[in-house]
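Asker: For the sequence shown, the residue numbers in the UniProt record's numbering are 1 to 364.
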Amino acid sequence: MARIESPSGDAPRLDALAEELAAGFCATGATARREPGPAGDHLVLEWEGRDESLPHLLIVGHHDTVWPVGTLADWPVTEEDGRLTGPGVVDMKGGLAILEGALSLLADLGERPHRTVRLVVVSDEEVGSPDGRRLVERQLRGAAAVLGLEPPHPDGRLKTARRGSTRVRLTVTGREAHAGNDAHDGVSAVDELVDQLVLVRDLAGQPGTELNAGRISGGSRANVVAGRAEAELGLRFATVEAQRRTLDNLARLTALRPGARVRTEVLSSRPAWPERTGNPLLRHVRSLAAVLGQQLDGAPAGGAGDTNLPGSRGLPTLDGFGAVGAGAHARHEHIRVDQIAPRIALLAALLAVPLPRLRDRAEG
Numbered sequence: 001m002a003r004i005e006s007p008s009g010d011a012p013r014l015d016a017l018a019e020e021l022a023a024g025f026c027a028t029g030a031t032a033r034r035e036p037g038p039a040g041d042h043l044v045l046e047w048e049g050r051d052e053s054l055p056h057l058l059i060v061g062h063h064d065t066v067w068p069v070g071t072l073a074d075w076p077v078t079e080e081d082g083r084l085t086g087p088g089v090v091d092m093k094g095g096l097a098i099l100e101g102a103l104s105l106l107a108d109l110g111e112r113p114h115r116t117v118r119l120v121v122v123s124d125e126e127v128g129s130p131d132g133r134r135l136v137e138r139q140l141r142g143a144a145a146v147l148g149l150e151p152p153h154p155d156g157r158l159k160t161a162r163r164g165s166t167r168v169r170l171t172v173t174g175r176e177a178h179a180g181n182d183a184h185d186g187v188s189a190v191d192e193l194v195d196q197l198v199l200v201r202d203l204a205g206q207p208g209t210e211l212n213a214g215r216i217s218g219g220s221r222a223n224v225v226a227g228r229a230e231a232e233l234g235l236r237f238a239t240v241e242a243q244r245r246t247l248d249n250l251a252r253l254t255a256l257r258p259g260a261r262v263r264t265e266v267l268s269s270r271p272a273w274p275e276r277t278g279n280p281l282l283r284h285v286r287s288l289a290a291v292l293g294q295q296l297d298g299a300p301a302g303g304a305g306d307t308n309l310p311g312s313r314g315l316p317t318l319d320g321f322g323a324v325g326a327g328a329h330a331r332h333e334h335i336r337v338d339q340i341a342p343r344i345a346l347l348a349a350l351l352a353v354p355l356p357r358l359r360d361r362a363e364g
């Protein structure tokens, strides 16, 4: 999988990997359908359970990566000293491989999952799932629980909560003019954007909010007053309230210079998934791990993902069932080979064993 490069937005390569994934999962007994998306096809797969009367178990994953085409040329997928390294191995092609391994194991044993299992693999998770979110949301209806195939914490702990995440584009329009002869007739969009980013940094410096100015562009030439500039911001939120407050403030930004215009556009947004007390799903997984001779626990995570949506709505949700490793989005990305088989065994057991009651009757 990692040798099939699949950067976000590259539809032909994402579709090639989707075809490979569908073939592998169908060999384990799944039915598959491709869902067209503007930046590549998504996948929706289903395995029949032994008891079809039960609500389905939903699993979410993605097959896009942050790595551009050509990365493999100087960073090939290699295994050395018990580590498999390469672009996308931990985030999250390792997780997709582990799920395929778990379902292959059940098939080899002549077993089926206890209940219907549905898997949604989106092609745009690394850019916030702007289109894939609709597929995840559609499959939440009636789900008993939701599992995520993102990598766990580096020590193997599952992810029990996630911060909210929003991508925002700030676009500034100014007025072009000759920078030497007619500078007074121009309005610099670049200068306006710089000043707006100083304000935004103060707005985002509130408790529970973090800001990353990920990309800035603008202007055309050094002798032309810039007529346009923009910035793409990544925001992380510890709470739903911090997310709402910050986005409201950003939506009210106005130009500081006469003749300039500022526009705020939310590109994608995931709600904060708060930590829940008790967590019977985590207790159940811990007990299965113990039977397998594994010690396992969970903890909140800093990053956001597609499990934010069910987690924010109170559905029993756990993430981190992917490959144990580290370095997501970095050149030291790797997975621990000795942890692949234990993760396959854990996920296979979780699919095969009946779930306990995860919510009070009052909760639905």
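We put the CB at the ideal spot given by N, CA and C, even for glycine.
These numbers were taken from a predicted model, which means no experiment stands behind them.
For residue 210, which residues does DSSP report across the bridge?
Answerer: 236, per the DSSP bridge assignment.
Asker: Taking the beta carbon of residue 364 as the centre, do at least 16 other beta carbons fall within 10 Å, making it buried, or is it exposed?
Answerer: The predicted model places residue 364 with a pLDDT of 42, which falls under 50 and marks its position as unreliable; any figure quoted below should be read in that light. With fewer than 16 other Cβ atoms within 10 Å, it is exposed.
Asker: Determine the direct distance from the alpha carbon of residue 225 to that of residue 261, and round the result to whole angstroms.
Answerer: Distance between the alpha carbons of residue 261 and residue 225 is about 15 Å.
Asker: Could you check what DSSP says for residue 312 in three-state terms: helix, strand or coil?
Answerer: If DSSP states are grouped into helix, strand and coil, residue 312 belongs with the helices.
Asker: With a CB to CB cut of under 6 Å and the five nearest residues on each side skipped, what residues in its chain are close to residue 239?
Answerer: So the qualifying residues of the chain are 208, 272.
Asker: Residues in the same chain with beta-carbon distance under 8 Å from residue 362, minus the five sequence neighbours each way, listed in chain order, please.
Answerer: At residue 362, the pLDDT of 40 sits below 50, so the modelled position is not reliable; the number obtained from the coordinates is stated separately. Here the set comprises nothing.
Asker: What residue ranges within the region 24-82 form continuous beta strand (DSSP E) runs of no fewer than 3 residues, ordered along the chain?
Answerer: If we require 3 residues or more, the beta strand (DSSP E) runs fully inside the region 24-82 come out as 31-35, 42-47, 57-62, 78-80.
Asker: With distances taken from CA atoms, which of 335, 283, 287, 165 is nearest residue 307?
Answerer: When only C-alpha atoms are compared, the closest one is 165.
Asker: Nearest-angstrom Cα distance between residue 222 and residue 194?
Answerer: Residue 222 and residue 194: Cα-Cα distance of roughly 16 Å.
Asker: Determine the contact status of residue 170 and residue 230, defining contact as a CB-CB distance below 8 Å.
Answerer: Cβ atoms of residue 170 and residue 230: closer than 8 Å.
Asker: Provide the residue span of the alpha helix (DSSP H) that contains residue 280, from first to last.
Answerer: Start and end: 280-291.
Asker: Drop a sphere of 10 angstroms on the beta-carbon of residue 290, count the other beta-carbons inside from all chains shown, and report buried for 16 or more, exposed for fewer.
Answerer: With fewer than 16 Cβ atoms within 10 Å of its Cβ, residue 290 is classed as exposed.
Asker: Just how far apart, CA to CA, sit residue 174 and residue 189?
Answerer: Approximately 5 Å, taken between the alpha carbons.
Asker: Using the beta-carbon count (16 or more within 10 Å), is residue 181 buried or exposed?
Answerer: Exposed, because fewer than 16 other Cβ atoms sit within 10 Å of the Cβ of residue 181.
Asker: Using DSSP bridges, identify the partner residues of residue 178.
Answerer: According to DSSP, residue 178 bridges with 224.
Asker: Taking three-plus beta-carbon pairs below 8 Å as touching, is the region 313-326 in contact with the region 343-353?
Answerer: Flag = yes, the region 313-326 and the region 343-353 touch.
Asker: Please report how far the alpha carbon of residue 21 lies from the alpha carbon of residue 184, in whole angstroms.
Answerer: Using only the alpha carbons, I get a separation of about 58 Å.
Asker: List the whole-angstrom C-beta distance separating residue 11 from residue 39, where the pair is believed to meet the contact cut-off of C-beta under 8 Å.
Answerer: With 8 Å as the limit, residue 11 and residue 39 qualify as a contact, their Cβ atoms being about 6 Å apart.
Asker: Along the beta strand (DSSP E) that carries residue 190, what are the first and last residues, could you check?
Answerer: That residue, residue 190, is in no beta strand (DSSP E); its alpha helix (DSSP H) goes 189-203.
Asker: Can you tell me whether residue 62 is buried or exposed, with buried defined as 16 or more other CB within 10 angstroms of its CB?
Answerer: Result: buried.
Asker: With 16 other CB atoms within 10 Å as the buried threshold, where does residue 212 fall?
Answerer: Exposed is the call here.
Asker: In the structure shown, what three-state DSSP assignment does residue 352 receive?
Answerer: Residue state, collapsed to three classes: helix.
Asker: Compute the Euclidean distance between the alpha carbons of residue 118 and residue 29, then round it to the nearest angstrom.
Answerer: Roughly 12 Å separates the two Cα atoms.
Asker: From residue 241 to residue 146, what does the alpha carbon distance come to, in whole angstroms?
Answerer: When rounded, the distance between both Cα atoms is 24 Å.
Asker: Is the shortest distance between the beta-carbon of residue 143 and the beta-carbons of chain D less than 8 Å?
Answerer: Reference to chain D is not applicable here, since this structure consists of a single protein chain.
Asker: Report, in whole angstroms, the separation of the C-beta atoms of residue 257 and residue 309, which I expect to be a contact under 8 Å.
Answerer: About 39 Å; that fails the 8 Å criterion.
Asker: When burial is assigned at 16 or more other CB atoms within 10 Å of the CB, is residue 217 buried or exposed?
Answerer: It is exposed - the Cβ of residue 217 has fewer than 16 other Cβ atoms within 10 Å.
Asker: Could you give the residue range of the beta strand (DSSP E) that holds residue 265?
Answerer: Note, residue 265: beta strand (DSSP E), 261-270.
Asker: Who are the Cβ neighbours of residue 51 in its own chain at under 7 Å, not counting the five residues just before and after it?
Answerer: Excluding residues within five positions, the ones whose Cβ falls inside 7 Å are 114, 115.
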